[in-house]
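Here is the structure we will look at.
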Amino acid sequence: MIANLVQLATESEQNPLMPPGPELLVGTIAFAIVFFFFWKKLLPNINKVLEERRAAIEGGIEEADAMKTEAQSVLEQYKAQLAEARHEAARLRQEAQEQGATLIAEMRAEGQRQREEIIAAGHTQIEADRKAAASALRQDVGKLATDLAGKLVGESLEDHARQSRTIDRFLDELEEKAEAAR
Amino acid sequence: MSDNGCGFPAPGLHSFLFKPIATVGGFEFNKVMLLALITTGLVITFFTLAFGKAKVVPGKLQMVGEAGYDFVRRGIVYETLGKKEGEKYVPLMVSLFFFIWIMNIWSVIPLAQFPVSSIIAFPAVLAAIVYVTWVSLTFKRHGFVGFFKNITGYDKSLGPVLPLVMVIEFFSNLLVRPFTHAVRLFANMFAGHLMLVMFTVASWYLLNSWMIPAAGVSFVMTIAMIGFELFVQAVQAYVFVLLACTYIQGALAEHH
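Protein sequence lines correspond, in order, to chains A and B. According to this note's numbering, the stretch in the first sequence is residues 1 to 182, in order. According to this note's numbering, the stretch in the second sequence is residues 1001 to 1256, in order.
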């Protein structure tokens, strides 16, 4: 192609590969105007807008990211609080159980003590009554025996018996015998 | 050209000559220059409408403009030079792409019907701008010795072939490269225009008696060629800018 053109060019007077001067000048001017418009005005203009658009998109993404991070942190905070609350509840339950157990044990001990006290009091009372009864009985039996003996003998042995304490001794002997037999 | 006996007005170099439509103090102003200036007007008008009052939420026109801008910026410049190094060259590449593309499209616009870039002066100017850009960049980056190492593809591991490679690379890079850069665009548009003129003229010329079916074929070819040219116009604009980026990439590259 090029060789043909060159041949063609050399054959004729008009050489299509020889740039004519006026066209060179016009071409330079025409392109220079386009270039300067693009360079100085149009491209800075559009680049600014493209940059703004990019910033807007990135800003949106960043905002979303920030919100996501915040939501995450809040969630974690809630989770931590929840865990803490659970822990606290478990601790309180444990404590209540322990306290309850202590209380029951204490009350049981108290009950036991009161029961024992009551029993002891009862025993004492019974013992005292028995003793009183025994001594009353002894006096009554002694009196009856003395009365009976007096009636039988015909004379009062009261003074004598009181002095000699024969009756008491007799009764003691009886008791001892009963003790021994048991 | 047209003296082949049958009177067929075959297109040729004369198709690329225009009589001046105005002469201002010895300066002959012709149709191609007018188209070049209209190109400038169109590109600036469109992008001013699209980007003049650019909004964060774009309108339809701004969306189209952004798509075109992004295609060059991301699709070509960032791809070859990277975002960091490439940013500086985005204005140049964007203006190159749209300027060339619109210059090419004139080829199929009714009334204009001439690709401005098929006049070598226009591709030459643009290629020269790219050439100056990457050559001065190479000097700035690598210094005087580094410049020659970069240009000649200096690589010790080549051994005895090194001098030969260096000579070839020197010519290829420094002398042939700007020429091919300009001519690639020029020749594509030149050939495309010839083809279009060929089939258009033929469909008219063949439109008599028994030749009419042939005229039909020629007409269909014209339509097909218009579609094909639209594709080539965009591709050539893309290739021109891609090559410009590649040259700058070569200038930035650390030689090893």
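We put the CB at the ideal spot given by N, CA and C, even for glycine.
ask   = Where are the beta strand (DSSP E) runs, 3 residues long or more, that stay fully inside the stretch 97 to 148 of chain A, in chain order?
value = If only complete runs of 3 or more residues are kept, the stretch 97 to 148 of chain A shows no beta strand (DSSP E) anywhere.
ask   = To the nearest whole angstrom, what separates the beta carbons of B:Y1205 and B:V1130, a pair I think is in contact under 8 Å?
value = In fact, because the Cβ distance is near 41 Å, the residues do not count as touching under 8 Å.
message = Tell me the rounded alpha-carbon separation between A:R113 and A:L103.
response = A:R113 and A:L103: Cα-Cα distance of roughly 15 Å.
ask   = At what residue ranges does the stretch 1063 to 1108 of chain B contain a whole run of the alpha helix (DSSP H), taking only runs of 4 or more?
value = 1079 to 1086 and 1090 to 1105
Burial state of B:F959, where buried means 16 or more other Cβ atoms lie within 10 Å = Outside the displayed span of chain B (1001 to 1256) sits residue 959 of chain B, for which this structure offers no information.
ask   = Are the stretch 1209 to 1227 of chain B and the stretch 1028 to 1045 of chain B touching, with three or more C-beta to C-beta distances below 8 Å?
value = no
message = According to DSSP, simplified to helix, strand and coil, what is B:V1056?
response = coil
inquiry  = Excluding the 5 residues flanking A:I167 on each side, which residues of the same chain have their C-beta closer than 7 Å to its C-beta?
reply    = Closer than 7 Å at Cβ, skipping near neighbours: G142, A145, T146 and A161.
request  = Taking only the alpha-carbon atoms, compute the straight-line gap between B:V1220 and B:G1227 and give it to the nearest angstrom.
outcome  = 11 Å
message = With H, G and I counted as helix, E and B as strand and the rest as coil, what does DSSP make of B:A1253?
response = coil
query = When you compare only the Cα positions, how much space is there between B:E1028 and A:L24?
reply = 13 Å
inquiry  = Looking at the strands, I want to know which residues DSSP matches up with B:A1022.
reply    = B:F1029
query = Can the beta-carbon of B:L1185 be found less than 7 Å from the beta-carbon of B:I1076?
reply = For the pair B:L1185 and B:I1076, the CB atoms are not nearer than the 7 Å cut-off.
ask   = Going straight from the alpha carbon of B:M1001 to that of B:V1201, what length do you get?
value = Since pLDDT at B:M1001 reaches only 41, below the 50 mark, its modelled position is unreliable, and no value is offered.
ask   = B:F1016 and A:P20 look like a contact to me (Cβ under 8 Å); what is the Cβ gap, rounded to whole Å?
value = Not quite, the Cβ-Cβ distance comes to about 11 Å (not below 8 Å), so this is no contact.
inquiry  = Beta carbons nearer than 9 Å to chain A: which residues of the stretch 1081 to 1099 of chain B have them?
reply    = V1090, P1091, L1092, V1094, S1095, L1096, F1098 and F1099
message = Would A:G60 pass as an interface residue toward chain E - the criterion being a Cβ-Cβ separation below 7 Å?
response = Absence of chain E from the displayed structure is noted, the protein chains being A and B.
ask   = With a cut-off of 7 Å, does the C-beta of B:L1175 fall near any C-beta of chain A?
value = no
request  = Name, going along the chain, the residues of the stretch 1209 to 1223 of chain B whose beta-carbon falls closer than 9 Å to a beta-carbon of chain A.
outcome  = none
inquiry  = Could you compute how far the alpha carbon of A:A136 sits from the alpha carbon of A:Q99?
reply    = 54 Å
request  = Determine, using beta carbons only, whether B:M1093 and B:V1072 come nearer to each other than 7 Å.
outcome  = yes
inquiry  = Can you tell me whether A:N15 is helix, strand or coil according to DSSP?
reply    = coil
query = Helix, strand or coil: how does DSSP classify B:L1162 here?
reply = helix
Given B:W1101 as reference, the closest of B:G1153, B:F1231 and B:I1021 once Cα atoms are compared = B:F1231
task = With distances taken Cα to Cα, identify the nearest neighbour of B:V1032 among B:G1026, B:P1020 and B:T1138.
result = Answer by Cα proximity: B:P1020.
task = Note down, in chain order, every chain A residue with its Cβ under 8 Å from the Cβ of B:A1054.
result = N45, I46, K48 and V49
message = According to DSSP, is A:E176 part of a helix, a strand, or is it coil?
response = helix
ask   = Do B:T1138 and B:F1144 come within 7 Å of each other at the CB atom, strictly closer than that value?
value = The Cβ atoms of B:F1144 and B:T1138 lie no closer than 7 Å to each other.
query = Beta-carbon separation of B:A1036 and A:V26 under 7 Å?
reply = In this structure, B:A1036 sits near A:V26, with a CB-CB distance shorter than 7 Å.
inquiry  = Would A:I33 and B:T1040 qualify as a contact pair, given that the criterion is a beta-carbon distance under 7 Å?
reply    = yes
query = What residues of chain B sit near A:E63, judged by a beta carbon separation below 9 Å?
reply = None at all; the shortest Cβ gap to chain B is about 16 Å.
task = Identify the continuous alpha helix (DSSP H) that holds B:R1184 and give its terminal residues.
result = R1177 to Y1205
request  = Kindly list, in the order they appear in chain B, the residues whose Cβ is closer than 7 Å to that of A:V34.
outcome  = Contact note: A:V34 reaches chain B through T1040, V1043, I1044, S1095 and F1099, using a C-beta cutoff of 7 Å and chain order.
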